[in-house]
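2 protein chains.
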Amino acid sequence: MARAGLTADRVTLAGAELADEVGFDHVTMSAVARRLGVKDASLYAHVRHLADLRGRIALLAADEKSIRIAEATAGRAGKDALVAYANAWRQYAHDHPGRYTATQIPTEIDPELLARAPGPRRAVELTYSMLRAYALDEPALTDAVRLMRSMFHGFLGLEAAGGFAHARPAEDSWVRCLDALHDLLEHWPAYHEGDPT
Amino acid sequence: MARAGLTADRVTLAGAELADEVGFDHVTMSAVARRLGVKDASLYAHVRHLADLRGRIALLAADEKSIRIAEATAGRAGKDALVAYANAWRQYAHDHPGRYTATQIPTEIDPELLARAPGPRRAVELTYSMLRAYALDEPALTDAVRLMRSMFHGFLGLEAAGGFAHARPAEDSWVRCLDALHDLLEHWPAYHEGDPT
DNA sequence: GATATAACCTAGGATCACTAGGCAAATCCG
DNA sequence: CGGATTTGCCTAGTGATCCTAGGTTATATC
Numbered sequence: 013m014a015r016a017g018l019t020a021d022r023v024t025l026a027g028a029e030l031a032d033e034v035g036f037d038h039v040t041m042s043a044v045a046r047r048l049g050v051k052d053a054s055l056y057a058h059v060r061h062l063a064d065l066r067g068r069i070a071l072l073a074a075d076e077k078s079i080r081i082a083e084a085t086a087g088r089a090g091k092d093a094l095v096a097y098a099n100a101w102r103q104y105a106h107d108h109p110g111r112y113t114a115t116q117i118p119t120e121i122d123p124e125l126l127a128r129a130p131g132p133r134r135a136v137e138l139t140y141s142m143l144r145a146y147a148l149d150e151p152a153l154t155d156a157v158r159l160m161r162s163m164f165h166g167f168l169g170l171e172a173a174g175g176f177a178h179a180r181p182a183e184d185s186w187v188r189c190l191d192a193l194h195d196l197l198e199h200w201p202a203y204h205e206g207d208p209t
Numbered sequence: 013m014a015r016a017g018l019t020a021d022r023v024t025l026a027g028a029e030l031a032d033e034v035g036f037d038h039v040t041m042s043a044v045a046r047r048l049g050v051k052d053a054s055l056y057a058h059v060r061h062l063a064d065l066r067g068r069i070a071l072l073a074a075d076e077k078s079i080r081i082a083e084a085t086a087g088r089a090g091k092d093a094l095v096a097y098a099n100a101w102r103q104y105a106h107d108h109p110g111r112y113t114a115t116q117i118p119t120e121i122d123p124e125l126l127a128r129a130p131g132p133r134r135a136v137e138l139t140y141s142m143l144r145a146y147a148l149d150e151p152a153l154t155d156a157v158r159l160m161r162s163m164f165h166g167f168l169g170l171e172a173a174g175g176f177a178h179a180r181p182a183e184d185s186w187v188r189c190l191d192a193l194h195d196l197l198e199h200w201p202a203y204h205e206g207d208p209t
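From first to last, the protein sequence lines are chains A and B.
Letter by letter, the first sequence follows residues 13 to 209 in the working numbering.
Letter by letter, the second sequence follows residues 13 to 209 in the working numbering.
Laid out in structure tokens, this is it:
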């Protein structure tokens, strides 16, 4: 029999493509095998189990997303960089809905695999370095990073889930929220008496 | 045989309890049936299919969450109300992790069922009425509501997924993010030339 | 107490995750 | 070039799950 030339990466890619087409939760071993013209049992030589495959898709997506963000923000600063960062993030979520939901699902990822993948780490670094333009000191910087990530993550999750009633286009709110975020980062509140560090 | 006295609500509740114990994605027809001391086929008299059950759990959670928020914010105003609102939300996510993730999963919910459930609608109303204290006009009010929901939704999602490295306690960032959000709402940026409405 | 309406059951098909073991293709090595 | 070895993919099979069809029995109604 002719061989299909499978590798863990090819299996992951097939899974990612499938996720974008039919939704991340319809990514199954059998479906990926069918797409590759292979029996499902053959996949287990390259991928440990379904959860492993899903974790790999999530890491792939994290890598791709952080690359896009890096390209978009290169050479920009201040609000320009913030908007480019945010739009690259959102654009990735729109272009690859299945992969993006993979990054949203709380899943146990093989630690060794995660250590090897640059995506998640790189994403955090990019965020920190972009926000450094706003001259925040720790721990405010970390708080700001978390707020920003939360806001983007949440917005795109709600948008994908149809959480925004159709009254006002999500796009418009997105733009205005970025304005607000920019202002917020420029005037991040000093912390007051009795606040935790 | 003695009857178990099942109803759609009892099945949903059993599913919700199970979700909190073993995680939402381990909620299965068979597992719920076992918990109720019943054969899995019996559930189909009350619930259409697994996706239906999951949708019902999500709606139950939305109801419970909005009730908690309503109680927490009753009689409060301004930043007091904002903090109470946010903490009630977060507390619910911590108390019922399985049910809460149900609300985060983008799932197709039976429209008729959704129309009957007060939770989601009520949650939006609560948010609007609480934010009215900040004297925002439409469409800024809607944008602010969306930003706030995105931020909370995203923060709790990331927190549950272990998205915050252990460097700084999530709790501390949460408090500071609420401060920041409050300031932001008090000084929501006016929109500038060329911005969308 | 007879009848109707449920609730719950048994039985079974289909799909899926995953394992064990076999054969054949690619590769290594003399 | 030819044999041994490794490796890739397969067949076969188990058990779990979702879901349907159709039967039986408890409860409600009159």
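Beta carbons are placed, not taken as given, at the ideal position from N, Cα and C, and that holds for glycine.
Please read these numbers as outputs of a predicted model, since none were measured by experiment.
Check the Cα spacing between SER185/B and each of THR115/B, LEU30/B and MET163/B: the tightest is with MET163/B. Per DSSP, the continuous alpha helix (DSSP H) segment holding THR24/A begins and ends at 20-34. Per DSSP, reduced to three states, the secondary structure at THR115/B is helical. Not a single CB atom of chain A sits nearer than 8 Å to the CB of ARG88/B. In this chain, the alpha helix (DSSP H) harbouring ARG102/A covers 90-107.
When the alpha-carbon of VAL157/A is set against those of ARG66/A, GLU171/A and TYR140/A, the nearest one is in TYR140/A. Proximity of LEU170/B to chain A, defined by a Cβ-Cβ separation below 8 Å, is satisfied. ALA179/B has a beta carbon lying within less than 8 Å of a beta carbon in chain A.
The three-state reading of DSSP puts GLY175/B in coil, since its state is none of H, G, I, E or B. Its chain contains TYR104, HIS108, ARG111 and GLY131 as the residues whose beta carbon lies nearer than 8 Å to that of GLU76/A, once the 5 sequence neighbours on both sides are disregarded; these appear in chain order. Non-local C-beta neighbours of ARG161/A in its own chain, meaning closer than 8 Å and more than five positions away in sequence, comprise THR139, ordered along the chain. Its Cα nearest to that of TYR56/B, the residue LEU18/B stands out among HIS178/B, ASP149/B, LEU18/B and PRO151/B.
Among the residues facing chain B, ASP75/A is not included, as its CB has no counterpart in that chain under 8 Å away. Rounded to whole angstroms, the Cβ separation of TRP200/A and ALA192/B is 6 Å, and the two are in contact under 8 Å.
In terms of Cα proximity to LEU143/B, the closest of PHE167/B, THR154/B and ARG68/B is THR154/B.
Looking only at TYR97/B, ASP21/B and VAL34/B, the smallest Cα-Cα distance to ILE69/B is reached by ASP21/B.
Boundaries of the alpha helix (DSSP H) around ALA73/B: 62-85. Annotation for TYR203/B: no alpha helix (DSSP H) segment contains it, and DSSP assigns it neither H nor E. In terms of beta-carbon proximity, PRO201/B lines the interface with chain A, with at least one pair separated by less than 8 Å. ALA89/A is a Cβ neighbour of ALA145/A, given a cutoff of 8 Å. Remark: C-beta atoms of LEU196/B and LEU94/B do not approach each other more closely than 8 Å.
Going by DSSP, GLY17/A is part of no alpha helix (DSSP H) at all; its letter is neither H nor E. With contacts defined as CB atoms closer than 8 Å, LYS51/A and HIS194/A fail to qualify as a contacting pair. Going by DSSP, VAL50/B is part of no alpha helix (DSSP H) at all; its letter is neither H nor E. The Cβ of MET163/A sits closer than 8 Å to at least one Cβ of chain B. Among the CB atoms of chain B, none fall inside 8 Å of the CB of ALA145/A. The continuous alpha helix (DSSP H) containing GLU137/A extends over residues 131-143. At least one CB of chain B lies nearer than 8 Å to the CB of GLY166/A. Contact check for ALA73/A against THR24/A fails: the beta carbons are separated by 8 Å or more. Neighbours of THR154/A in chain B, taken as residues whose beta carbon is under 8 Å from its own, are ALA179, ARG180 and SER185 in chain order. CA-CA distance, ARG66/B to ARG128/A, rounds to 35 Å.
In the structure shown, the three-state DSSP call for ALA57/B is coil.
Of VAL34/B, ASP122/B and VAL136/B, the smallest CA-CA separation from ARG60/B is found for ASP122/B. Contact between LEU71/B and LEU126/B holds, with the beta-carbon distance rounding to 7 Å and staying under 8 Å.
ASP191/A sits in a helix when the DSSP states are folded into three classes. Note on geometry: alpha-carbon atoms of TYR203/A and ALA179/B lie some 19 Å from one another.
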